[in-house]
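As numbered in the working numbering, residues 62 to 142 make up the sequence shown, in order.
Just so it is clear, CB atoms sit at the ideal spot from N, CA and C, and this is done for glycine as well.
The model shown is predicted, which means the values in this text are computed figures rather than measured ones.
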Amino acid sequence: MHGMVTFMLEWRHSPIPPHPRFRSFGRFLEAIELETMLPHILMSYDVKFEDSVCRPTDIHWDLNVIADPTSRVTLRKRIDS
C-alpha cells in the first residue's frame with residue numbers, strides 16, 4: 062500500500078516525539094476509507110457528467126487550471142446481469 066498517509070517507523074523508538082501530523086491516526090484511517098470508497102463507487106455505479114460532455118470546461122485562475130466546479134455528475138446503480 063502506498064497510500065496518502067504512511068507511518069514513519071523510525072519515529073516509534075525515538076526519544077523526541079514526532080511532529081503532530083505524524084501522530085494523527087484519524088488521518089490514516091480517513092485516507093484508507095477514501096481509498097476504498099472510490100473503487101467501490103467506480104465498480105458499483107455508472108458515473109457520467111449530466112450534460113453528456115467528456116470533460117467540463119476549464120477555469121484558468123493564475124497558473125492553475127481546474128475543472129468547472131458547477132458541473133454536475135450523475136450516478137446510476139449498476140444492475141448485475
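- Residue state for L95 is assigned as helix, using DSSP reduced to three classes.
- Scanning its chain for C-beta atoms nearer than 6 Å, with the 5 sequence neighbours on each side dropped, one finds around D119 the residues V126, in chain order.
- Excluding the 5 residues flanking it on each side, D129 has same chain C-beta neighbours closer than 7 Å at P117, T118, I120, in chain order.
- Selection L95, C115, F110 evaluated against R137 yields F110 as nearest (Cα-Cα).
- Check the Cα spacing between V114 and each of L99, R133, T97, D123: the tightest is with R133.
- Shown here, I102 sits in a helix according to DSSP, grouped into three states.
- Looking from the CA of T131, the closest CA among D141, D123, I140, D112 belongs to D112.
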